[in-house]
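First comes the structure, then the notes that go with it.
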Amino acid sequence: MRWPRAARCPRSPPAAGGSDLTGPVPAGVRLVGWGFRHADRRAWAVRDVDLRIEPGERVLLTGASGSGKSTLLHALGGLLEPEAGDARGELLVDGVAPDRRRSRAGMVFQDPDAQLVMTRSGDDVAFGLENVGTPPRLIWPAVDDALAAVGFDLGRDRATAALSGGQKQRLVLAGALAPRPGLLLLDEPTAQLDPAGSALVRTAVAHAVSDRSATLVVVDHDVEAWLPLVDRVVELLPGGGSVEHGPGWMPAPLRLPTRSPRAAGELLLSAEAAGSTHRGSDVPSLRPVDLELRAGRTTAVTGPNGTGKSTLALLLGGLRAPTTGRVVAGPALTAALRRPGRPPSRWRAAELVERIGTVFQHPEHQFLTGRVRDELALGPRRSGAAGPAATRVADELLERLGLTELAEANPFTLSGGQQRRLSVATALATRPRVLVLDEPTFGQDRDTWAELVALLAEQQDADRALCLVTHDAAVVRALADEVLELGTPVGVS
Amino acid sequence: MALGPARPVPLSAVNPVAQLTAIAVVTVVLLVSGDLVTPAVVLAGELALLPAAGLHRPRPLLARTWPLLLSAAGVAWVNVAFGSLDGADAWLSGATWGLRVVALALPGILLVAATDPVRLADALTTHWRVSGRFAYGALAALRLVPLLAAEWETIRLARRARGMDAGADPVAHLRLLGSTAFGLLVAAVRRGTRLATAMDARGFDSGMVRSSARPSVLRPTDAWFVVTAVVLCAVAVTLSVLSGSWSPVLG
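Those protein sequence lines, which keep their order, are chains G and L.
Using this note's numbering, you'd call the opening residue of the first sequence number 141 and step up by one each time.
Using this note's numbering, you'd call the opening residue of the second sequence number 47 and step up by one each time.
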């Protein structure tokens, strides 16, 4: 005979006999006119939100970058201290303020490396149970249950440092589930993972909440991916309030730029069997590849994590020299160089920024000044423009990118989408013929995505060569003329 | 670089607090002694423990100990070159100091090579009542250290991508180094803050009494380990006194 589905569920019933584990009773959430303003800001991060989530429900919380999704999720997890800012309205989990019963919620954030505490996988899952004083005899069975619930089968003793991003995030999820939270809160849990890793995490979430023993609230920009897993979608509006989207709702299609196909222009930069191996390592971080970047064309480099995509971006960007093969700049790039025979990795930095611009995956790595305007003027000044000329370039770019109001702001205080636009703009400021971008659409909301794609399409039309290193299939569809897919991962999986 | 041994080595079976106690005993004796025989005997005992810490092959051994060997050689050389003694006495003094430095630091290297930092934190909180907030907080911070190396490289390259390099100017080099270090600090603080929030969300330091998933028990082996350290020191001092070279620094 076939067992009913519920009976095959690997999660055991709640431990009997007055344990400290909260039983798998899903939590209900209620918000009435709720709002929050961070202590150092004048504007409200979220306001006028009315929301009711029934126990066991699964909700996707979405909204434009800066609409306060993460703030709301932190509040549900009881992580907003009263001194962090002003709250108004009511926000209750199971009828009480969440900061008074923090153990009701389990949370997962973006960056797995900023969440793992222990050196071994099993120990890390046990961490949350230890913190709430779970009796030792109950800890390991609960750890094994949680690991089974997320499908982590590498064993308790596996070193956390040796896991892939997707596996780390699965482990983090197991750690959040182990204390049997009534409310599972996920804050963009797949934003830093490749498509395979993201799918792994979503499968684990789907399995973990399949018995509805926990209420699920997910914050993510990737609406399509989460739709099959949730009952409904709540969208926070930038001006305050929220709208509900019922079953069958689909987000508006992405706005794609209209492009006319162009003939390939002159050869600007090429990789000839260029590969890279870290010193002291036996396996290459990038197997030798051939690639040509031509004026007016966009090449996308795709493939799973660990195949050396980012390494290839560094080689093309003239930031690192290949250990095998070579990277050659065409005559159009080397024209005014003092020593045209040298490879890009040996150009002076000021020469490099006028010819090849690189945009890194995390914008904050690239910010060097305390003001947005200075940030944009820096490149032109480094490559020899006079002060007023550099400022003029900066102001034009500010205008063009709609960042004029933020000219005096500190780059580090901008929202994720604004930081991304600024980092692309800093590369454009020196008018390089070649642009290399590592995951330019990473973690962006739909509006920022569309703005970025339009901006990049414009660069292509201005006869620049673009190289996009990306997991984002939509950006490849929208912009790429050529696609180079790197093969199986090298090195440890 | 991994934290702790990849898989348990024989010395991992000794409780970290027993190892720390033995280290304390050895340290006191070495600090008090001023001769060549005592550190030589103690060092012989420590060297015998190297295989138990998984350091029997020259390459990993050298990788762990080269900074120590370098500084010991430096200390010895300073004593020979700038000490008040001449001739054979100067060389003896240099050798004594060099041996002392190695014998003092090697136990720490053995501890790090053989001990998963998690077990160290468990042992400290269980037996010595070190606060969990401190022990596990430090542990979490320690996990971030290997990530800093990769972050440093990224920030350095990102600076070049923005047109910043020093060329041949040493002052510019120094300034660039300073600004890269500041960038690293900012990145480390940001990640550290995120880690603290994640630990908060998992109920860390929430005022509840922590339990421990990994009981840290003291076994007879641990007592024997400390006793062996005491005996080793006693033998070293006895040999030193019998050979007439004992010259304590204190008293």
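Beta carbons are placed, not taken as given, at the ideal position from N, Cα and C, and that holds for glycine.
The three-state secondary structure of Arg466 of chain G, taken from DSSP, is strand. Annotated three-state conformation of Gly203 of chain G is strand, per DSSP. Here Pro166 of chain G is buried: its Cβ has 16 or more other Cβ atoms, across all protein chains shown, within 10 Å. Using a CB distance below 8 Å, the part of the region 264-292 of chain G facing chain L consists of Ala266, Phe267, Gly268, Leu269, Glu270, Asn271, Val272, Gly273, Thr274, Pro275, Pro276, Ile279, Trp280 and Val283, ordered along the chain. Taking 8 Å as the upper bound for CB-CB distance, Val87 of chain L and Ala282 of chain L are in contact here, some 4 Å apart. By alpha-carbon distance to Thr202 of chain G, the top candidate from G:Ala266, G:Gly458 and G:Leu376 is G:Leu376. Chain G has no Cβ within less than 9 Å of the Cβ of Ala169 of chain L. Runs of the alpha helix (DSSP H) lying entirely within the region 551-583 of chain G and spanning at least 4 residues, in chain order: 556-568. Positions of the alpha helix (DSSP H) runs, each at least 4 residues long and wholly inside the region 205-229 of chain G, are given as 209-216 in order along the chain.
Around the Cβ of Asn550 of chain G, a 10 Å sphere holds fewer than 16 other Cβ atoms; the residue is exposed. Taking 9 Å as the threshold, the shortest C-beta distance from Leu256 of chain G to chain L falls below it. At a C-beta separation below 7 Å, His178 of chain G has no neighbours in chain L, since its nearest C-beta there lies roughly 14 Å away. Fewer than three Cβ pairs drawn from the region 384-402 of chain G and the region 351-358 of chain G lie within less than 8 Å of each other, which leaves the two stretches out of contact. At a cut-off of 9 Å between beta-carbon atoms, Glu536 of chain G makes no contact with chain L. For Ala440 of chain G, the enclosing beta strand (DSSP E) covers residues Thr438 to Thr442.
When CB distances to chain G are screened at a threshold of 9 Å, the residues of the region 247-262 of chain L falling below it are Ala247, Arg248, Gly249, Phe250, Asp251, Ser252, Met254, Val255, Arg256, Ser257, Ser258, Ala259, Arg260 and Pro261, in chain order. The Cβ-Cβ distance between Leu76 of chain L and Ala149 of chain L falls below 9 Å.
The way I'd put it, the region 532-547 of chain G doesn't touch the region 471-486 of chain G; fewer than three beta-carbon pairs between them come closer than 8 Å.
Take the alpha-carbon of His219 of chain L and the one of Ala212 of chain L: they are about 5 Å apart. Gly305 of chain G sits in a helix when the DSSP states are folded into three classes. Met258 of chain G has no beta-bridge partner at all, per DSSP. Note on geometry: alpha-carbon atoms of Asp215 of chain L and Arg221 of chain L lie some 10 Å from one another. If you check each beta-carbon in the region 150-180 of chain L against every beta-carbon of chain G, the ones closer than 8 Å belong to Asp162, Pro163 and Val164. In the three-state scheme derived from DSSP, where H, G and I count as helix and E and B as strand, Trp174 of chain G is classed as strand. If you check each beta-carbon in the region 209-226 of chain L against every beta-carbon of chain G, the ones closer than 8 Å belong to Gly209, Met210, Asp211, Gly213 and Ser225.
Secondary structure note for Met247 of chain G: it is in no alpha helix (DSSP H), and the uninterrupted beta strand (DSSP E) holding it is Ala245 to Val248. Judged by pairs of C-beta atoms under 8 Å, the region 122-140 of chain L does not touch the region 64-76 of chain L, as fewer than three such pairs exist.
For Ser410 of chain G, the secondary structure class from DSSP, reduced to helix, strand or coil, is strand. Sequence-distant Cβ neighbours of Leu264 of chain L in its own chain, meaning closer than 8 Å and more than five residues away, are Asn61, Val63, Ala64 and His173.
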